[in-house]
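**Q**
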Amino acid sequence: MANLAILGGEKLFGEPYKNLTWPPRDLNTAERLKEVYMSGAWSFNSPTEEQFEREFAAFHGTKYAVFMANGTVTLEASLQALGVGKGDEVIVPALTWMATALAPYYLGATPVFVDIEPTTLCLDPAQLEAAITSKTKAIIPVHVYGSTADLEKILAIADKHNIPVVEDCAHMQGGFWNGKGVGSRGKVGSFSFQQSKTIASGEGGICITDDEELAKKIYLIKHIGYQRGLKQGQAAKAPEGLVCHNYRATAFQAVILSEQLKTLHDRIRIYGENAKIMTDMVKDIPGVRVQEPGRLADPQGYYSFHFLFDGEEFNGISKDVINRACIAEGAPIGNGGHGPVYKHALFNLRRDEYRIAGGETCPVCDFLSTRMLGIAHQSLYYKQTAEQIGAVVRKVATNADELREFAAES
Ligand SMILES: Cc1ncc(COP(=O)(O)O)c(C=O)c1O
17 MANLAILGGE
27 KLFGEPYKNL
37 TWPPRDLNTA
47 ERLKEVYMSG
57 AWSFNSPTEE
67 QFEREFAAFH
77 GTKYAVFMAN
87 GTVTLEASLQ
97 ALGVGKGDEV
107 IVPALTWMAT
117 ALAPYYLGAT
127 PVFVDIEPTT
137 LCLDPAQLEA
147 AITSKTKAII
157 PVHVYGSTAD
167 LEKILAIADK
177 HNIPVVEDCA
187 HMQGGFWNGK
197 GVGSRGKVGS
207 FSFQQSKTIA
217 SGEGGICITD
227 DEELAKKIYL
237 IKHIGYQRGL
247 KQGQAAKAPE
257 GLVCHNYRAT
267 AFQAVILSEQ
277 LKTLHDRIRI
287 YGENAKIMTD
297 MVKDIPGVRV
307 QEPGRLADPQ
317 GYYSFHFLFD
327 GEEFNGISKD
337 VINRACIAEG
347 APIGNGGHGP
357 VYKHALFNLR
367 RDEYRIAGGE
377 TCPVCDFLST
387 RMLGIAHQSL
397 YYKQTAEQIG
407 AVVRKVATNA
417 DELREFAAES
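In our numbering, the protein residues as written are 17 to 426.
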């Protein structure tokens with residue numbers, strides 16, 4: 017008689033597990049939204065947006081913040097403000113969402129992919145220096161899923177070559193590294209507030225920085241060239257050397273985010289506790305491990321939590337089969353992650369429009385992308401859910417022989 021439910025064994029959990037309702041909704045926020053609506057101050061750097069900018073910058077420990085339309089244009093505006101343009105190169109990790117690589121491309125620069133660390137899945141500092149050329153004008157480490165990139169090592173290399181770092185913190189709202197908020201160590205920190213993110217307003221993004229000049233430039237870029245605080249009737253002056261856009265967000269988004277920010281710290285702590293429960297539940301199983309949190313991250317932010325079935329015990333068993341087995345036990349863990357950008361179905365830059373450092377592939381990223389299964393941050397909120405997921409992964413992973421049998425038959 018088989019153990020695994022997918023082969024007719026007894027299912028581990030009958031009830032679907034409990035997740036945090038996402039995006040969160042509450043009447044207090046609805047009331048504040050009504051106030052903004054009635055005020056008519058909906059955009060154009062309304063007081064509500066400026067208040068959120070101050071709150072978000074203070075939370076992560078920087079002096080300035082510029083609230084914007086999404087976490088792609090925040091990257092693009094940061095790079096433009098740093099002087100990135102045609103013919104330049106920008107280093108990005110192979111494992112990220114396409115936006116990290118497309119932001120430099122939109123400015124006429126070439127994205128250069130560097131492989132990831134097998135432990136944290138973030139840009140591998142050991143492979144960074146070899147990717148730098150005379151054309152490298154910025155480095156974008158991504159704090160991906162549930163790990164913060166090794167900022168100490170990355171910044172040391174970047175400083176040695178005098179190259180600015182833009183931290184892509186789209187997954188890392190609320191995370192801290194070595195006592196400082198993520199995004200505050202690089203020249204600019206870029207965040208996304210798209211619907212699935214750890215604080216979310218449907219769409220939205222923000223840049224944080226300690227550099228006043230950069231903050232001013234980013235603001236001009238997002239606000240068609242108008243300076244912050246320009247009064248009606250005051251003459252606007254075209255900003256020299258910048259191509260500006262309407263990359264503005266609205267006060268409605270700012271209200272939603274401002275309310276969510278109040279509980280972010282506590283939520284991240286809970287996510288971390290439950291991540292630890294799942295980590296402990298699988299740590300003695302041969303062949304399976306979890307994405308390691310950042311070396312100096314405390315608290316570690318979480319956009320998602322990933323299991324890696326990369327031991328030889330799982331040779332010949334695809335992650336689709338593993339996922340189907342987990343679903344049959346009552347715990348879908350199917351968020352498989354992005355995979356290498358250059359293999360994404362929607363990534364259609366010509367091969368001569370991007371570079372892969374060291375050759376044609378990033379082998380660690382290519383391999384691990386086929387071995388990772390993850391859950392979104394909402395599933396990290398309840399201890400009971402963490403225990404259920406841990407138990408399902410344990411059951412499935414300790415029955416690799418049955419999985420292989422199933423894989424061979426299907
Ligand atoms: C790592 C990373 N960077 C940037 C972005 C872009 O953010 P947005 O979707 O808000 O443009 C995302 C979005 O998912 C992301 O995951």
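Using N, Cα and C, we set each Cβ at its ideal position, and we do this for glycine too.
Counting pairs of beta carbons, one from the stretch 298 to 307 and one from the stretch 51 to 60, are three or more of them closer than 8 Å?
**A** Result no; under three Cβ-Cβ pairs closer than 8 Å.
**Q** Kindly provide the chain-ordered list of residues whose Cβ lies closer than 6 Å to any non-hydrogen atom of ligand 1.
**A** Ordered along the chain, the selected set is ASN86, GLY87, THR88, THR112, TRP113, ALA115, THR116, VAL158, ASP184, ALA186, HIS187, SER208, GLN210, GLY221.
**Q** Tell me which residue opens and which closes the alpha helix (DSSP H) that LEU91 is part of.
**A** From DSSP, the alpha helix (DSSP H) with LEU91 extends over 89 to 97.
**Q** My guess is that ILE293 and ALA119 are in contact by the Cβ rule of under 8 Å, so how many angstroms apart are they, rounded?
**A** Actually they are not in contact, since the Cβ atoms of ILE293 and ALA119 sit about 36 Å apart, beyond 8 Å.
**Q** Specify, as a first and last residue, the run of the beta strand (DSSP E) that HIS322 falls within.
**A** It spans 320 to 324 - the beta strand (DSSP E) in which HIS322 sits, taken as one unbroken run.
**Q** Helix, strand or coil, according to DSSP, for TYR80 in the structure here?
**A** Note: TYR80 maps to strand in three-state DSSP.
**Q** In whole angstroms, what separates the C-alpha of THR64 from that of ASN44?
**A** For THR64 and ASN44, the distance between alpha carbons rounds to 15 Å.
**Q** How about SER200 and SER94: are their beta carbons less than 8 Å apart?
**A** In this structure, SER94 does not lie closer than 8 Å to SER200 by Cβ.
**Q** I need the DSSP call for GLU219, collapsed to helix, strand or coil.
**A** Three-state DSSP puts GLU219 in coil, outside helix and strand.
**Q** Among GLN276, VAL158, ALA341, LYS299, which has the Cα closest to the Cα of GLY431?
**A** In the structure as shown, the chain begins at 17 and stops at 426. Residue 431 is therefore absent and cannot be evaluated.
**Q** Is SER184 helix, strand or coil by DSSP?
**A** Residue 184 is actually Asp in this sequence, not Ser. Strand, per DSSP.
**Q** Taking 6 Å as the limit between beta carbons, can you name the residues of its chain near LYS196, skipping five residues before and five after?
**A** Contacts found: GLY77.
**Q** Please confirm whether GLN276 and ILE215 have their CB atoms less than 8 Å apart.
**A** Contact flag set, yes.
**Q** Given a threshold of 16 other Cβ atoms within 10 Å of its Cβ, counted over all protein chains shown, does ASN61 qualify as buried or as exposed?
**A** That one is buried.
**Q** When you compare only the Cα positions, how much space is there between ALA291 and GLY375?
**A** Straight-line Cα distance between these residues: approximately 35 Å.
**Q** Buried or exposed for SER426, please, with buried defined as at least 16 other CB atoms from any protein chain shown within 10 angstroms of its CB.
**A** It counts as exposed.
**Q** Could you round the C-beta distance between PHE418 and LEU20 to whole angstroms and report it? I think they count as a contact, below 8 Å.
**A** Sequence inspection shows Glu at residue 418; the Phe mentioned does not correspond to that position. That belief holds up - the Cβ atoms of GLU418 and LEU20 are roughly 5 Å apart, short of 8 Å.
**Q** Which full runs of the beta strand (DSSP E) of 3+ residues lie inside the stretch 191 to 248, going along the chain?
**A** Correct list: 204 to 208, 221 to 225.
**Q** Which same chain residues, not among the five before or five after GLN67, have their C-beta less than 8 Å away from its C-beta?
**A** Excluding residues within five positions, the ones whose Cβ falls inside 8 Å are ALA270, SER274.
**Q** For VAL108 versus PRO127, is the C-beta distance shorter than 8 Å?
**A** It is a contact, given that the beta carbons lie within the stated cut-off.
**Q** For the beta strand (DSSP E) containing PRO32, name the first residue and the last one.
**A** Unbroken run through PRO32: none, as it is neither H nor E.
**Q** For a quick check, are the C-beta atoms of GLY245 and ALA252 less than 8 Å apart?
**A** Going by C-beta atoms, GLY245 is not nearer than 8 Å to ALA252.
**Q** Flag this pair as touching only if the stretch 260 to 269 and the stretch 211 to 226 have three or more C-beta atom pairs under 8 Å; answer yes or no.
**A** With the cut-off at 8 Å, the stretch 260 to 269 and the stretch 211 to 226 touch.
**Q** What residue range is occupied by the uninterrupted alpha helix (DSSP H) comprising ALA146?
**A** Note, ALA146: premise wrong, no alpha helix (DSSP H); not H, not E.
**Q** Just how far apart, CA to CA, sit LYS213 and ALA186?
**A** C-alpha separation (whole angstroms): 7 Å.
**Q** Can you name the start and end residues of the beta strand (DSSP E) that VAL130 belongs to?
**A** Residues 126 to 130.
**Q** Going along the chain, which residues of its own chain have a beta-carbon closer than 6 Å to the beta-carbon of ALA223, five neighbours each way excluded?
**A** Looking at the sequence shown, residue 223 is not Ala but Cys. So the qualifying residues of the chain are VAL82, THR90, SER94, VAL204, SER206, ILE234.
**Q** In angstroms with no decimal places, state the Cα-to-Cα distance between ILE155 and VAL182.
**A** Answer to the nearest angstrom: the Cα atoms are 6 Å apart.
**Q** If distances are taken between C-alpha atoms only, which option among TYR121, PRO32, LEU111 comes closest to ARG367?
**A** Per the Cα distances, TYR121.
**Q** Nearest CA to the CA of ALA125: which residue from LYS102, THR112, THR377?
**A** Residue LYS102 is the option with its Cα nearest to ALA125.
**Q** Buried or exposed for PRO315, please, with buried defined as at least 16 other CB atoms from any protein chain shown within 10 angstroms of its CB.
**A** Looking at its Cβ environment, which holds 16 or more other Cβ atoms inside 10 Å, PRO315 is buried.
**Q** Would you list the residues sitting across from PRO109 in a DSSP beta bridge?
**A** Paired residue(s): VAL130.
**Q** Taking the alpha-carbon positions, what's the ILE349 to ASN339 distance?
**A** In a straight line, the C-alpha of ILE349 is about 6 Å away from that of ASN339.
**Q** Residues in the same chain with beta-carbon distance under 7 Å from HIS393, minus the five sequence neighbours each way, listed in chain order, please.
**A** Answer for HIS393: THR214, TYR287, TYR318, TYR319, SER320, listed in chain order.
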